[in-house]
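Per our numbering, the sequence shown starts with residue 6, numbered consecutively. We put the beta carbon where it would ideally sit given N, CA and C, even for glycine. Fair warning: this is a prediction, and the values are worked out from it, not measured in the lab. Accompanying notes for the structure given below.
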Amino acid sequence: MNILGDKNLSLVQKIALAGLFTALAAILNKVLAINYIAAVPFVRISFGGPAIIIFASILLGPIFGALVGGLSDVLGYFVFDLSGFPYAPWITFTYILLGALSYFVFYLVKKVKNQKLMMLITYLTMGIIFLLATLFITLNDEIVWLTHTYPLDLALKISLPILMFVLFVFIIVFNFFFNRLFQKKMTTSSLVFSIYQLSFSLFIIEFLIIVFFGSVMKAILFGMELYPLIVFFQAMTMLFNIPFNTFIISYIMLITKRYYKYN
């Protein structure tokens, strides 16, 4: 059985699982999460919410994934949200995309079977983006966006690349040791996705949907002049989310593998 859009699940089973994933994602995104920090109200640190939506997309397919993403955000807002901010349907659309597009990203990445090649692609992609971001920060004295100017002083030019480098190294170290842990538990061939396939897929998903598209949606709510700041904080959150969601999704797959003989 191929886990991607599992065709052996009946419609009733898919609806039941979608309901379960929706409730879990809503709780993890709104209740068991760090939301609306005073200084940066546009930042949300969720401990597993996006991972549940992404896994729903992988297991149930893009349509049910989109439903889980959208309904979990609507449910989370109207049942658990205490922020006082108005409901923003364009934020919900971000989670709909997260649930819909994750399936296709994992479908494409799964075609890369060679683990060493997957590791090279992962770190080469991340490394290029890190270098481009570092060059942009060090070569510019300010960021001009609309009517706002954000100065980049020497302290920021030093601290921001260092922070990104530390988080980048953390992802490398995490993937290395977590991959070794999994290889001790089972053969690499018995894994649904390798750790590097998971990490790269999550990087692409977070980078395109959460950091760039999601930042635009949040800027509509909080003000377009804040877009550069939102992108920065979303990017920092992304570097935390990648190893965390890799951990969550890999263990969900280990658990479900006991009940489904997918490959």
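Beta-carbon proximity check, residue i vs residue j, cutoff 9 Å
i	j	result
L22	L65	yes
F212	M243	yes
S62	F111	yes
T127	N180	yes
Y155	I148	yes
V114	F198	yes
P67	S107	yes
I39	R49	yes
F245	L172	yes
L207	I247	yes
L231	F47	yes
I176	M124	no
M229	L151	yes
V17	F238	no
I257	F85	no
D146	L157	yes
Reduced DSSP category for residue i - H, G, I as helix; E, B as strand; rest coil
i	result
S194	Here the model assigns S194 a pLDDT of 47, short of 50, so the residue's position is not dependable, and the following value carries that caveat. Correct three-state label for S194: helix.
A21	helix
I167	helix
I260	helix
I148	strand
I255	Sequence check: residue 255 is Ser here, not Ile. Three-state DSSP puts S255 in a helix.
I39	strand
S15	coil
V117	coil
P91	coil
V79	helix
P233	helix
V178	helix
Where the beta strand (DSSP E) through residue i begins and ends
i	result
T154	153-156
S51	49-51
Closest residue to residue i among the options (Cα-Cα distance)
i	options	result
F182	I58, D158, V45, T251	T251
A56	P46, L125, I254, I177	I254
G53	P46, P67, F26, G70	F26
L129	D158, L14, Y201	Y201
D78	L33, L157, I68	L33
L259	H153, Q188, A31, I235	Q188
I142	L151, L165, I133	L165
Y82	M123, A31, I58	A31
P94	F85, L106, V216, L80	L80
G89	P233, I235, L226	L226
I20	L168, V36, G70	G70
L87	F60, D158, K35	K35
L76	T139, L203, M241, A28	A28
C-beta neighbour in chain B for residue i, strict 9 Å
i	result
L122	Looking for chain B here will not work: only one protein chain is present.
Boundaries of the alpha helix (DSSP H) in which residue i is found, first to last residue
i	result
S206	200-210
M222	219-227
L213	Run containing L213: none; DSSP gives neither H nor E here.
F60	54-65
> Do three or more CB pairs link the segment 86-106 to the segment 222-232 at distances below 8 Å?
Replying inline: yes
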